[in-house]
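Encoded as structure tokens, the structure appears first; notes follow it.
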Amino acid sequence: MTNSIILIPLAILLIIPFAIDNSFAQISSGGFGQSPFERDFHDIRFLDAYFGTMEEKIEAEPGDNSVPFTVVFANVGTQDITGIKGQLSLPMGFSGINGPRSVILADSDSNSLAGENFHLTFFVNIGENVEIQQYPGTVKLDYSRLRESGVRTSFSDFEFKVTGDSTINVKALDPFLTSLQTNNVIIEISNDGTAAISSVDVVSTNTQTERASTAASTTNVENVVILESNWDVGNIQPKSSRQLTATVYVPENLKGDTLRIPLSISYYNAHGDQHTIDKIVDFYIKGFIDLSVYGIDVIDLSDTQMVVGEIINEGNEDALFGFVTLEPLGDSNIKKQTQFIDEIEIDAPVPFNIPLEFEGEPEYGEHDIKITVRYKDNIREELFLPYETTIFVEEPSNDEESEDNTMMIAIPVIIVIIVGFLLLRRRKKQEIENS
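First residue of the sequence shown: 1, per full-length UniProt numbering; consecutive thereafter.
Structural data, given as structure tokens:
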């Protein structure tokens, strides 16, 4: 019994050192997990790692070479450090600028004060087959403490992202505007890159609403009226686009000019940083052609029935290469025909006359017809103006019967005249003989 009482405290005393030793994390001689470097001291704390410089993060995509890669640290020790050198270890597909097997090194230009942040910038090649995603990395730092001999080493594991590269382009789906009227404009904002952009906001700058605050105009957009000036576009995925619409009125004096609409586009890139870029959308301003058809009628001209009418242009641009086509509607058997009328100038009526012919036997009375004016504007775009109406075709009089009736009346008159002439002559002859 006495021996048992003595053995129990001894056993407890022997177990306590093992329990205390196993309650603390230990640094084994082989380093931490999969890290290729050995770890020792903890004066350095990792803060961030990204493609870019200390001043600005940049987007990077597969195939980019000599891309700056910045790692940011904090000196959490109690002493200043100096002689900072870094070595970067990245997964397969990433390499240093000196080749696939070269060591990726960087030196800091300055010391790091205790409690301050510092950074190292490496230059990396990104392989063509690297995917846009998160990747692990490790950085090894060698440094010295001031007033202390020897080199210390710190290791940090981190994750970084190959973001892809966003490329923003703008274009007008229809690059032509027409003066003297309101135009509904569709502008396409496209992301032709490999990284998504978010919270895209577009502002039309240097418009009439801003004219008072701008010292000088950079474009002629202040001469037009744009009803909208700000658009919330939202997110744009890679290789996709979004559209915005605007209502634009162009005055007459800008006919033939190029309208330049400046756009300020703000967005957040794949790093979550806000950027603003300026783009310009160009439009060509066409003249306004405003045609109308009137005065449609049927007349007799040189024993031929003609469909006649006039076309007037009330716009500010001549219509070119004009044609007028007459075609039947409904049950009409009028033959389809086309006449060339050349230019249709502004404020000058242009007449046309088309011979009236029929498919088969002529049918008289009312006919539904369509007059189509075909022409081109000054950018050689072909346009059509249809005009539907009803005409009345009269049956022509019978000329042969009219001639017969005239002859039947004229013959007796001629006979009476001849008889009277003969009688008058005979009487004068008798008077001469009697005298």
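Using N, Cα and C, we set each Cβ at its ideal position, and we do this for glycine too.
| message | Can you look up I289 in the DSSP assignment and give me helix, strand or coil? | response | coil
**Study point:** Sequence-distant residues of its chain with Cβ nearer than 6 Å to S156 (five each side left out)
**Key:** F46, V139
### Message
Whole angstroms are fine: how far does the CA of I341 sit from the CA of D165?
### Response
56 Å
* **Distance, F94 Cα to E38 Cα** => Caution applies to E38, whose pLDDT of 46 falls short of 50 and renders its modelled position unreliable; the value that the coordinates give is listed next. C-alpha separation (whole angstroms): 22 Å.
Counting only runs of 3+ residues fully inside the segment 34 to 117, write out the beta strand (DSSP E) ranges in chain order.
44 to 51, 67 to 75, 81 to 89, 94 to 96, 104 to 107
*Can you tell me whether R145 is buried or exposed, with buried defined as 16 or more other CB within 10 angstroms of its CB?*
buried
Nearest to F384 (by Cα), restricted to the options F321, N333, F358: F321
Quiz prompt | Contact the segment 192 to 207 vs the segment 231 to 240: 3+ CB pairs below 8 Å | solution = yes
For the beta strand (DSSP E) that N313 lies in, which residues bound it at each end?
304 to 313
>> Going by DSSP in three states, V221 sits in which element: helix, strand or coil?
In response: helix
Buried or exposed: L244, going by 16 or more other Cβ atoms within 10 Å of its Cβ? buried
inquiry  = Along the chain, where does the beta strand (DSSP E) containing A270 start, and where does it finish?
reply    = Per DSSP, A270 belongs to no beta strand (DSSP E) and is neither H nor E.
Cα-Cα separation between Y249 and E188, rounded to whole angstroms:
19 Å
- prompt: Any contact of the segment 306 to 313 with the segment 271 to 279, i.e. 3+ C-beta pairs under 8 Å?
  reply: no
*the segment 58 to 65 contacting the segment 76 to 91, beta-carbon criterion three pairs below 8 Å*: no
Where DSSP assigns a beta bridge to Y364, which residues make up the other side? For Y364, which the question treats as bridged, DSSP gives no partner whatsoever.
>> Would you call the segment 172 to 180 in contact with the segment 101 to 120, where contact means no fewer than 3 C-beta pairs closer than 8 Å?
In response: no
(message) Per the DSSP calculation, N378 is bridged to which residue(s)?
(response) N378 is not bridged to any residue.
Check: In three-state terms, what does DSSP make of I414?
Finding: helix
Nearest-angstrom Cα separation, counted from S190 out to E382: 30 Å
Residues that K255 bridges to, as DSSP identifies them
K255 is not bridged to any residue.
Determine the burial state of D360: buried for a count of at least 16 other Cβ atoms within 10 Å of its Cβ, exposed for fewer.
At residue 360 the sequence reads Gly, which differs from the Asp that was named. With fewer than 16 other Cβ atoms within 10 Å, it is exposed.
query: V103: buried (16+ other C-beta within 10 angstroms of its C-beta) or exposed?
result: exposed
If you run the structure through DSSP and keep just helix, strand and coil, what is I409?
helix
Query raised in the report: Candidates G96, E366, N316, G365: which alpha carbon is nearest E345's?
Result: N316
Original post:
Using a Cβ-Cβ cut-off of 6 Å (strictly less than) and excluding sequence neighbours within five positions of T325, which residues of its own chain qualify?
Top reply: T338, T372
| query | Roughly how many angstroms lie between the CA atoms of Y143 and F69, to the nearest whole one? | reply | 20 Å
*asked:* Can you give me the C-alpha to C-alpha distance between S229 and D282, rounded to a whole angstrom?
replied: 16 Å
With which residues is K279 paired in a DSSP beta bridge? L263
Practice task
Flag this pair as yes or no: are the beta carbons of S66 and F123 separated by less than 9 Å?
Solution key: yes
On a CA-only basis, which of I280, N313, I414 is nearest D290? Give me that one, please.
N313
Can you give the beta carbon distance from E388 to P351, rounded, assuming they're within the 8 Å contact cut?
-> Wrong, their Cβ atoms sit about 20 Å apart, outside the cutoff.
**Report entry** Close Cβ partners of K161 (< 6 Å) along its chain, the five nearest in sequence each way excluded
**Finding:** Q134
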